[in-house]
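Single-structure report; data block below.
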Amino acid sequence: MAWQLSGTYFEHCPCGMVCPCTTSGLTLPATAERCTVTLAFHIDAGTVDGVDMAGRTAVLVNDTPRLMSEGGWRVGLYVDDGATDEQFAALAAVFSGQRGGMWAAVSALVGEMLGAERVPITYSEEGRTHRVRVGDAVDMEIEDWVVPGADEVATVTGMTFPAPVLALARSTRSHVDAFGVRMDSPGTNGFSGPFAWAA
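Everything in the sequence shown is counted per this note's numbering, starting at 23 for the first residue and increasing by one.
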């Protein structure tokens with residue numbers, strides 16, 4: 023059966039604004055020595071094999087070479103502990119690329135899966151601020167960027183992953199110590215936006 027998921031997401035990495043990895047389609051190197059990007063996805067609606075996924079949150083922790091297109095990514099997955107066994111297995115299959123779609127292309131770059139766990143996750147959005155806490159492993163907050171003198175959040179368009187339009191953002195809280203991947207990079211890059219995928 024097909025799957026479809028939609029909701030909101032945000033990410034944070036140690037690159038300076040604006041991250042060249044995402045905006046170049048992974049063809050330009052990160053500004054940091056390695057990319058330790060963490061992505062949080064909150065699902066508002068969708069199903070996988072007919073199983074409702076509304077309300078679930080998934081967080082991907084990634085450690086990759088400076089040029090992400092080289093592959094060899096190390097990836098760990100967290101799903102909120104409200105997920106049933108069926109939901110957890112389905113989301114792990116989607117985000118590992120086993121169910122096709124855009125994540126199948128991403129999975130070709132993964133060299134090592136570091137694990138998949140269900141843990142308490144708190145995901146919240148308030149105006150331009152996006153926050154996620156994953157147990158004791160991740161505490162991350164970004165704020166969408168408004169250029170001085172402007173009235174609207176700055177965005178980049180024409181993107182392919184993970185959404186076509188991304189709001190530029192800056193981290194205001196940054197702590198990741200998950201699956202052996204560590205990042206503490208306040209003041210660096212972030213993106214946010216709605217997503218909608220299907221396969």
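Glycine included, C-beta positions come from ideal geometry on N, C-alpha and C.
Cut-off 7 Å between Cβ atoms - residues of its own chain near G47, not counting five sequence neighbours on either side: T182
Do P87 and R56 have their C-beta atoms within less than 8 Å of each other? yes
Tell me which same chain residues have a C-beta within less than 8 Å of the C-beta of R195, skipping the five on either side of it? R153, D161, M162, E163 and P208
Assuming I143 contacts Y100 (C-beta within less than 8 Å), just tell me the rounded distance between them. 6 Å
Within 8 Å, do at least three Cβ pairs link the stretch 133–143 to the stretch 92–107? yes
Using the C-alpha atoms, what's the distance from F110 back to F217? 20 Å
Taking the C-alpha atoms as reference points, what is the distance between A130 and E92? 10 Å
Between the Cα of L113 and the Cα atoms of G212, A185 and L27, which residue gives the shortest distance? L27
Name the two residues that bound the continuous beta strand (DSSP E) containing F110. It is not in any beta strand (DSSP E) - F110 instead sits in the alpha helix (DSSP H) that spans D107 to F117.
Tell me the rounded alpha-carbon separation between V53 and G157. Sequence check: residue 53 is Thr here, not Val. So the two alpha carbons sit approximately 29 Å from each other.
What are the complete beta strand (DSSP E) segments, minimum 3 residues, inside the stretch 36–95? 60–70 and 79–85
Have a look at the DSSP bridge pairing and note the partners of T179. V187
When G149, F213, A221 and A220 are compared against H34, the one with the closest alpha-carbon: F213
Residues in its own chain within less than 7 Å of F117 by CB, not counting five upstream and five downstream? A80, L82, L99 and W125
Would the C-beta of F110 count as close to the ligand NAP, meaning under 7 Å from any of its heavy atoms? The ligand NAP is absent from the structure shown, which contains no ligand whatsoever.
Distance between P42 and M205 (C-alpha atoms, nearest Å): 18 Å
Using a Cβ-Cβ cutoff of less than 6 Å, which residues in the same chain neighbour L188 once the five nearest sequence positions on both sides are dropped? V178, M181, F213 and G215
Through-space distance from V132 to F201, alpha-carbon basis: 15 Å
Could you spell out the range, first to last residue, of the beta strand (DSSP E) harbouring A220? N211 to A220
Start and end residues, alpha helix (DSSP H) containing A127: M124 to S129
Hey, out of V40, R78 and M39, whose CA is closest to Y31's CA? R78
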